[in-house]
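For the protein sequence lines, the chains are A and B, in the order given. Taking numbering that gives the first Met the number 0, I'd label the letters of the first sequence as residues 0 to 152. Taking numbering that gives the first Met the number 0, I'd label the letters of the second sequence as residues 0 to 152. For every residue, glycine included, the Cβ atom is placed at its ideal position computed from N, Cα and C.
Number of protein chains: 2
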Amino acid sequence: MKRDSRLSSVLHALLHMAANDGPMTSEALAHCMHTNPVVVRRTMAGLREAGLVRSEKGHNGGWTIACDLSEVTLRDIHMALGEPAVFAMGNRNETPECLVEQAVNAALDDTFHEIETLLMERFGRLTLAQLAEDFARRLAAYRQKMGNEQNAI
Amino acid sequence: MKRDSRLSSVLHALLHMAANDGPMTSEALAHCMHTNPVVVRRTMAGLREAGLVRSEKGHNGGWTIACDLSEVTLRDIHMALGEPAVFAMGNRNETPECLVEQAVNAALDDTFHEIETLLMERFGRLTLAQLAEDFARRLAAYRQKMGNEQNAI
DNA sequence: TTTCATGTAACTTTACATATTACATGATGG
DNA sequence: CCATCATGTAATATGTAAAGTTACATGAAA
C-alpha cells in the first residue's frame, strides 16, 4: 500500500456519509474501506476537531457530517488531517554547513514550496459537493448500464 | 530522516564533482554527504546509466561528470534516478469496485497528475549550471564575510 | 443495567529508503 | 605478475512512519 492514504480514506468516508441518512458507525465505514474501526476513528478525529463531522456514542451513534459540502474543500480536509507531508522527497540534511548543499537545498525548497502552494490552491477549488456530484454521475451511469441494483455503494 | 533524499543527494554530489578537477571517489563523495560509499555508488548508478556521469575503477578512478551542466536539468536527474514517487500521499486502493472510491480516486489522480506535470516543468527549467552559479555566489559571499578560508566546500 | 458505540493508549506489522557487510570485478602502478 | 585501489552488487540490517490490532475506559440509549 502506498504511504499515507488518509486523505483518500476520509474523502471516501465522507462521501459514504453524505449518501447515507443518519449516522454511520466506525464499523460500517471500516467495512466500506476494508479496514479497522480503530483506524477510522483515529483518522476521522482530526475532522471532528475541525468541526467538519460529529461523532456520537451509544445506540444510534456514529459519524455524521457537520458541514456544508459545497463550502468545504480538499484543502480544508488536508488541514484537518494536520497537513501531512505532501512530497515523498526532501533534503538529505536540513541544516547543512556545506555551501554546496545549502545551494541545493535552497533550490529544492523553493521549488517544492511553490508547487505545494499550487497544490493547495487546486485543493482549495475542489469541494466535497463536486466529488459527490461526480459520484452521482458515476452511479447514474452504472445503473443505466447494469439495471437498477443498489449494490454500487 | 525524511524519505527519499536521493535527488538532493546526487545534486550535492554533482556540484562537488563540478567544483573539483579530476575524478572523485565514492569514498570522498560519501564523506561530503556524511554517508557510505556504497550508498553513493548505488544512488549514482542511475546517473551513470543515463550517461550523465562516468565511473572508473582502479588508481585515480572515481566519478566524473560526463555532461554539459547547462544542458542538464533537474528533470533529467529525476528521470535518471528512475522517476521515484513525487508525492507522499496516494489512493488507499488503486482498483476499487466502490463507485464512491472511484470518484475520489479520479479526482485525486487528476489533481496529483496535473501538479506533478507542473513540478516536472519546473524541474525542466532548472539546470545544474544554475545550481552551480548559485553555489558560486554563496561561496563568494562566504569568502567576503569570513576571509579567504578554503573549507567552505 | 446491559448494550452499543466512540476515545485512546500501547503494541505489532508493513513498506521503503538508508546503512552496512561481504565479496567479486577490473584498472593501475611498481 | 601482483598488490592496491576503486567500483559493482547482492544480501542483510536499521530507522521511520502509516496502517493494523488489541485492550480497555467512557458515555449514551434502550
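Query                                                                                                                                          : Result
What residues in its chain sit with their C-beta under 6 Å from that of Arg47 (chain B), if we drop five residues either side in the sequence? : Ser54
I'd like to know whether the C-beta atoms of Phe134 (chain A) and Val99 (chain B) end up nearer to each other than 8 Å.                        : yes
Any beta-carbon of chain B closer than 8 Å to the one on Met32 (chain A)?                                                                      : yes
At the level of alpha carbons, what is the spacing between Arg40 (chain A) and His11 (chain A)?                                                : 14 Å
Would a check of beta-carbon distances place Gly89 (chain A) closer than 8 Å to chain B?                                                       : yes
Is there a Cβ of chain B sitting closer than 8 Å to that of Arg2 (chain A), yes or no?                                                         : yes
Counting pairs of Cβ atoms below 8 Å between the region 68-84 of chain B and the region 65-81 of chain A, do you hit three or more?            : no
With the cut-off set at 8 Å, would you say Cys31 (chain B) and Cys97 (chain A) are in Cβ contact?                                              : yes
Under the three-state reduction of DSSP, which class applies to Gly21 (chain B): helix, strand or coil?                                        : coil
Alpha carbon to alpha carbon, how far is Ala105 (chain B) from Thr126 (chain A)?                                                               : 14 Å
Starting from the Cα of Pro22 (chain B), find the closest Cα among B:Thr63, B:Asn90, B:Arg2 and give me that residue.                          : B:Thr63
Measuring straight from C-alpha to C-alpha, what distance separates Asp3 (chain B) and Asn92 (chain A)?                                        : 12 Å
Using a C-beta cutoff of 8 Å, does Glu70 (chain B) count as contacting chain A?                                                                : no
Report yes or no: do the region 56-71 of chain B and the region 105-120 of chain B share at least 3 C-beta pairs separated by less than 8 Å?   : no
With DSSP as the reference, label Ile152 (chain A) as helix, strand or coil.                                                                   : Any reading at Ile152 (chain A) must be qualified, since the residue scores a pLDDT of 46, below 50, and its modelled position is unreliable; the value itself is stated next. In the structure shown, Ile152 (chain A) sits in coil (DSSP, three-state: anything other than H, G, I, E or B).
Whose CA, out of B:Ser8, B:Ala128, B:Met145, B:Gln143, lies closest to the CA of Ala18 (chain B)?                                              : B:Ala128
Identify the continuous alpha helix (DSSP H) that holds Glu100 (chain A) and give its terminal residues.                                       : 98-123
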